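Residue numbers (the working numbering), protein chains in the order written: chain Y, 11 to 140; chain V, 306 to 437. Where is the CB? At the ideal position from N, CA and C, for every residue including glycine. The model shown is predicted, which means the values in this text are computed figures rather than measured ones.
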């Protein structure tokens with residue numbers, strides 16, 4: 011009765027990782043990033059609204075302030091992580107050919123990482139004033 | 306492949322769209338759209354880092370009527386995804402599944418997203434001197 015009725019080992023089940031060995035890690039990461047994004051998005055939209063029509067000098071001065079570079083890099087890291095998790099879920103739900111699914115997921119993960127890198131380096135270049 | 310012939314969940318083609326299902330698919334559509342919006346943010350930041358000439362180019366794109374339309378769309382998509390995402394977080398802890406509650410919170414998400422979009426753009430317009 012208490013025999014192995016599931017594929018995962020008992021140790022895996024105790025750890026909450028299941029037979030797929032990943033468990034709810036991705037689901038949990040999506041929720042944690044979602045919660046973190048709520049204040050970050052409000053900050054972002056409020057900042058951009060206040061910056062409407064701003065020229066290069068004003069934007070540079072803003073990104074050299076005490077809060078903007080920290081919040082912007084947090085938004086980029088958390089935002090792109092959330093984005094690639096969400097897009098992967100969409101692809102897994104709608105793309106059912108293995109080759110296309112595999113290719114798209116790699117493209118999404120690589121593209122999100124590259125976009126995050128480019129934008130974070132841009133913020134750092136401005137904030138550190140080179 | 307044989308699996309291509311099988312009907313796939315969630316059988317979109319046999320369901321009559323309802324308010325809650327439309328909101329659900331809108332959550333995904335705005336999420337995917339925000340992926341494109343994120344690329345605009347990358348362009349804007351990279352242009353600011355590249356120097357005043359590059360930034361002037363990005364500013365001209367954003368300041369055109371088409372740029373405004375796109376930015377307005379992304380503002381709403383962002384706020385809708387945020388508001389409806391909060392609904393999802395409540396569902397995750399087991400709250401709000403009753404049909405009347407789900408409809409009510411759905412309307413809250415729609416109206417809040419419109420109000421927040423309006424508020425952000427009014428602040429932005431005041432900054433531009435567009436509204437006296």
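Check, Outcome
"CB contact below 8 Å: residue 392 (chain V) versus chain Y", "no"
"Neighbour flag for residue 380 (chain V) against chain Y, beta carbons, 8 Å", "yes"
"Candidates Y:113, Y:72, Y:93, of which the one nearest residue 139 (chain Y) by Cα", "Y:72"
"Option nearest residue 338 (chain V) by Cα separation, candidates V:372, V:378, V:374", "V:378"
"Inter-residue CB distance, residue 126 (chain Y) and residue 90 (chain Y) (contact presumed, cutoff 8 Å)", "4 Å"
"7 Å Cβ shell around residue 88 (chain Y) - same chain, five flanking residues per side excluded", "43, 46, 47, 50"
"Beta carbon of residue 335 (chain V) nearer than 8 Å to that of residue 55 (chain Y)", "no"
"When V:385, V:346, V:333 are compared against residue 130 (chain Y), the one with the closest alpha-carbon", "V:346"
"Outcome for residue 326 (chain V) when other beta-carbon atoms lying within 10 angstroms are tallied against a minimum of 16", "exposed"
"Buried or exposed by the 16-neighbour rule on C-beta atoms within 10 Å, applied to residue 12 (chain Y)", "Any reading at residue 12 (chain Y) must be qualified, since the residue scores a pLDDT of 49, below 50, and its modelled position is unreliable; no value is offered."
"Distance between residue 95 (chain Y) and residue 38 (chain Y) (C-alpha atoms, nearest Å)", "11 Å"
"Residue 91 (chain Y) in three-state terms, based on DSSP", "helix"
"8 Å Cβ cutoff, residue 44 (chain Y) in contact with chain V", "yes"
"Collapsed DSSP secondary structure at residue 106 (chain Y) in the structure displayed", "coil"
"Proximal chain Y residues relative to residue 328 (chain V), where beta-carbon distance stays under 8 Å", "Per Cβ cutoff of 8 Å: no residues; residue 328 (chain V) is ~16 Å from chain Y at best."
"Option in Y:52, Y:134, Y:92, Y:93 with minimal Cα separation from residue 424 (chain V)", "Y:52"
"Neighbour flag for residue 333 (chain V) against chain Y, beta carbons, 8 Å", "yes"
"Residue 411 (chain V) at chain Y interface by Cβ criterion, 8 Å", "no"
"Buried or exposed by the 16-neighbour rule on C-beta atoms within 10 Å, applied to residue 82 (chain Y)", "buried"
"Neighbouring residues, chain Y, relative to residue 354 (chain V) (Cβ below 7 Å)", "132, 135, 136"
"Residue-level contact to chain V via CB, residue 69 (chain Y), 8 Å cutoff", "yes"
"Inter-residue Cα distance where the pair is residue 80 (chain Y) and residue 322 (chain V)", "43 Å"
"Per-residue DSSP class, three states only, for residue 320 (chain V)", "coil"
"Proximal chain V residues relative to residue 41 (chain Y), where beta-carbon distance stays under 7 Å", "394, 397"
"Host alpha helix (DSSP H) of residue 407 (chain V) (start-end)", "404-433"
"Chain-ordered neighbours of residue 129 (chain Y) on chain V, where CB pairs are closer than 8 Å", "346, 347, 350, 351"
"Member of Y:105, Y:134, Y:135, Y:92 whose CA lies at the smallest distance from the CA of residue 340 (chain V)", "Y:92"
"Three-state class that DSSP yields for residue 82 (chain Y) in the structure shown", "helix"
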